[in-house]
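Residue numbers are given in UniProt numbering: position 199 of the sequence shown equals residue 199, and the series is strictly consecutive.
Everything below concerns the one structure shown next.
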Amino acid sequence: MTKCQVPAVLIHQIEEELDKEEDEMMVFLCRDLAPDLATAGLKELLVALNERDKLSLLGLSELLYRVKRYDLLRRILKTEKTTVEANLTRNPRLVPDYRVLMVEINENLEKEEVSSLVFLLRDFAPRMKMAKDKSFLRLVIELEKLNLVAPNQLDLIENCFRNIHRIDLIKKIEKYKQEGKILLHCLVLIVRVRCSLTKDKATSQSICMLQRIGLFKQVLYHSVFLFVFLFNFQLSYPPFVLSLCM
1 MTKCQVPAVL
11 IHQIEEELDK
21 EEDEMMVFLC
31 RDLAPDLATA
41 GLKELLVALN
51 ERDKLSLLGL
61 SELLYRVKRY
71 DLLRRILKTE
81 KTTVEANLTR
91 NPRLVPDYRV
101 LMVEINENLE
111 KEEVSSLVFL
121 LRDFAPRMKM
131 AKDKSFLRLV
141 IELEKLNLVA
151 PNQLDLIENC
161 FRNIHRIDLI
171 KKIEKYKQEG
181 KILLHCLVLI
191 VRVRCSLTKD
201 KATSQSICML
211 QRIGLFKQVL
221 YHSVFLFVFL
231 FNFQLSYPPF
241 VLSLCM
């Protein structure tokens, strides 16, 4: 049995300090890390991630940063907001950009606007529960289950925001899409260079397939193989090329 990276006392202290909304946001952020624990509470989820070696102090600090609990960063994890921000630019992130985007949107929506979104979505998801206290994150989860929303499938939400005149949120989504395209193009270029030098046709075909279905970025973030690949790549190529994939 491997030693857990995060002491249980830290998980307990943090969970005790979070309110219901912050708890929900953190669970949502971790949703892709343990799909089998989709209905678990925050403490159970963090403990499971810790036992599976998917959680570190860096990851825990990132989660607190995403829910804007900078006070807990200082008091419990003994670190600062600026330190976490620096770490996020140098290390692989725990949370996918898509989940971060959804949480940011959630923080910028009023309850009345969420109710309007639920109403607008009746034509697409008639079986969706119409609870008055439904949060935007809960709404996103239900849309994900219906395959109506995904990291590369946000047009439906964009259209709804257009109908409630939240152009600012549409701009956030467009920025996310544009950044994804830039990253995708840079990574495909790097992989193609490596494939051309190694004559690795299987890898090249796999990349092309992932590019066509729009999942390359998602697979990159969550595939151990590709992290190892980038590590090996670092041994063979100059820093200015590596900077393209950071």
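Don't be surprised by glycine CBs; every beta carbon is placed ideally from N, CA and C.
From the options, residue whose alpha carbon lies closest to that of residue i
i           : options                         : result
VAL6        : TYR70, LEU46, LYS177 and HIS165 : LEU46
VAL95       : MET25, VAL149 and LYS43         : MET25
residue 279 : GLU112, ASP32 and LYS81         : Past the boundaries of the shown model lies residue 279; the chain is included only from 1 to 246, so the question cannot be answered.
ASN106      : GLN178, ILE170 and LYS145       : ILE170
Boundaries (first-last residue) of the alpha helix (DSSP H) holding residue i
i      : result
PHE119 : 111 to 120
LYS145 : 136 to 145
SER61  : 57 to 66
CYS30  : Run containing CYS30: none; DSSP gives neither H nor E here.
Rounded distance between the beta-carbons of residue j and residue i, thought under 8 Å
i           : j      : result
LEU37       : ALA48  : 6 Å
residue 247 : GLU104 : Absent from the structure is residue 247, since the part of the chain shown begins at 1 and ends at 246.
VAL100      : ARG138 : That belief does not hold up - the Cβ atoms of VAL100 and ARG138 are roughly 17 Å apart, past 8 Å.
ASP23       : LEU42  : 5 Å
LEU154      : PHE136 : Wrong, their Cβ atoms sit about 13 Å apart, outside the cutoff.
Residues near residue i by beta carbon distance below 7 Å, same chain, minus five either side
i      : result
ASN163 : LEU120
ASN91  : LEU58
LYS134 : VAL114 and VAL118
LYS54  : LEU33
Residue i, buried or exposed, once every other Cβ within 10 Å from all chains shown has been counted against 16
i           : result
ASN147      : exposed
ASN159      : exposed
VAL140      : buried
PRO126      : exposed
ILE14       : buried
GLU21       : exposed
PHE124      : exposed
residue 255 : For residue 255 there is no data in the structure shown, the boundaries of the chain being 1 and 246.
ARG74       : exposed
ILE157      : buried
VAL9        : exposed
Cβ neighbours of residue i in the same chain (closer than 6 Å, five flanking residues each side left out)
i           : result
GLN218      : Any answer about GLN218 is weak, because its pLDDT of 47 lies below 50 and its placement is not dependable; what the coordinates show is given next. Cβ within range, chain order: PRO151.
residue 247 : Outside the displayed span of the chain (1 to 246) sits residue 247, for which this structure offers no information.
Residues near residue i in its chain [Cβ-Cβ closer than 8 Å; skip 5 each side]
i     : result
GLU44 : LEU37
GLU17 : ARG69, LEU72 and ILE76
HIS12 : LYS43
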